[in-house]
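Residue 1 is where the sequence shown starts when you use full-length UniProt numbering, and the numbers rise one by one after that. Report on the structure given below.
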Amino acid sequence: MPMDPHLLRTFTTVVRLGSFSAAAAELGYTQSAVSQHIAALEHDLGVPLLTRRPVSPTPPGQRLLDHAAPLLLRLDAARADVRRAATPAPARTVVAASPLAAAVAVGEVRGTLHVVPRAEVVAGVATGEYDVGFVDGVVAASDPLHLPDAVGVKAAVVAEKPLMVALPPDHPLTRRKGLRLDDLVDARWIDAPDAAVPLEDLRAAVGATRLHTATVYRGTDTAALRALVNAGHGLAVLPDGDGVPLLWPNVVHRVERLHLG
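So, in structure tokens, the structure goes:
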């Protein structure tokens, strides 16, 4: 039997919110209906997907979660594509950009600009919420950005920049001509996934888990992030501005323009 996307959406919502009751409120179901959806999905797959106290995915549940996001995105994108075929194109352009791609997006704004997290840019373009998207990421110079598989979304490179390590003004490394990330694994870092290069990407680049999170910043304002750096709360890697060039790993900051083909 094919997997029911309604059950899959309920499952991902429960995991995201960490609560059956919160998921029920968001989806417009009763809590009993949410429990029935999860039970039906577990029965279909023959494995427990969630622990109940606290609510979190089991190892099989985590595997399902990894598949669920791209599957649901493709379904939403297909629905939007069909509707779009019968709807006249808008006169004004709605543009979305991740925070570090917003400066590049300014030239295309003819209506509204939304600055949102990276994953929301791709999903929004795929489902027709945004007409154009600009998304950034860190990759080797010859590699494409690692974007979710979304129906009909085309990507084109519009900008590439070297990366800089942002340091407090009085930091002893500020006079260096360049820095290697593996020389900074014991430094204090700011985890700011939407305003800087995500710390998990830096860890993956050096194959290290020792990049220590000293401060967490969940905003999108890069000026606020720089203020945290200057105040000594930790280091960050950014695509431009003041800082010391990152010499290794050999990666670049890329911005890609997304649209529906």
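For each residue, glycine too, the CB sits at the ideal point set by N, CA and C. Quick caveat, the model's predicted, so the values are computed rather than measured.
Tell me which residues share the same chain as residue i and place their Cβ nearer than 6 Å to its Cβ, disregarding the 5 neighbours each side in the sequence.
i	result
residue 94	111, 112, 130, 131
residue 133	96, 121, 125, 258
residue 276	The question about residue 276 has no answer here: the residues shown for the chain are numbered 1 through 261.
residue 147	122
residue 222	195
residue 17	23
Which partner residues does residue i have in the DSSP bridge list?
i	result
residue 190	215
residue 136	255
residue 161	253
residue 236	166
residue 245	164
residue 260	153
residue 2	Beta-bridge pairing links residue 2 to no other residue.
residue 94	112
residue 57	50
residue 179	246
Quick check: what's the CA-CA separation for residue i versus residue j?
i	j	result
residue 201	residue 193	9 Å
residue 100	residue 159	11 Å
residue 64	residue 143	27 Å
residue 181	residue 240	17 Å
residue 210	residue 236	15 Å
residue 231	residue 168	7 Å
residue 37	residue 7	5 Å
residue 48	residue 69	19 Å
residue 212	residue 139	22 Å
residue 172	residue 206	22 Å
residue 107	residue 39	49 Å
residue 255	residue 141	12 Å
residue 187	residue 25	42 Å
residue 204	residue 215	19 Å
residue 11	residue 145	28 Å
residue 35	residue 165	47 Å
residue 50	residue 154	35 Å
residue 224	residue 31	40 Å
residue 197	residue 67	25 Å
residue 251	residue 21	43 Å
residue 179	residue 163	10 Å
The beta strand (DSSP E) with residue i in it runs from where to where?
i	result
residue 149	Careful: residue 149 lies outside any beta strand (DSSP E) and carries neither H nor E.
residue 5	Per DSSP, residue 5 belongs to no beta strand (DSSP E); it is in the alpha helix (DSSP H), 5-17.
residue 51	50-52
Under a Cβ-count criterion, where at least 16 other Cβ atoms within 10 Å of its own Cβ denotes burial, should residue i be classed as buried or exposed?
i	result
residue 257	buried
residue 56	exposed
residue 52	exposed
residue 98	buried
residue 219	exposed
residue 266	As shown, the chain starts at 1 and ends at 261. That puts residue 266 outside it, with no answer to give.
residue 189	buried
residue 136	buried
residue 174	exposed
residue 46	exposed
From what residue to what residue does the alpha helix (DSSP H) around residue i run?
i	result
residue 114	From DSSP, residue 114 is part of no alpha helix (DSSP H) but of the beta strand (DSSP E) over 112-115.
residue 195	Segment: none, residue 195 is in no alpha helix (DSSP H) and carries neither H nor E.
residue 142	Segment: none, residue 142 is in no alpha helix (DSSP H) and carries neither H nor E.
residue 222	222-230
residue 124	118-126
residue 131	Neither: residue 131 is in no alpha helix (DSSP H) and is coded neither H nor E.
If I measure Cβ to Cβ from residue i and keep anything under 8 Å in the same chain, skipping five residues before and after, which residues do I get?
i	result
residue 81	128, 151, 152, 260
residue 119	148
residue 76	123, 126, 127
residue 83	128
Keeping to the same chain, check which residues put their C-beta closer than 7 Å to that of residue i; ignore five residues upstream and five downstream.
i	result
residue 9	72
residue 104	134, 158, 159, 255
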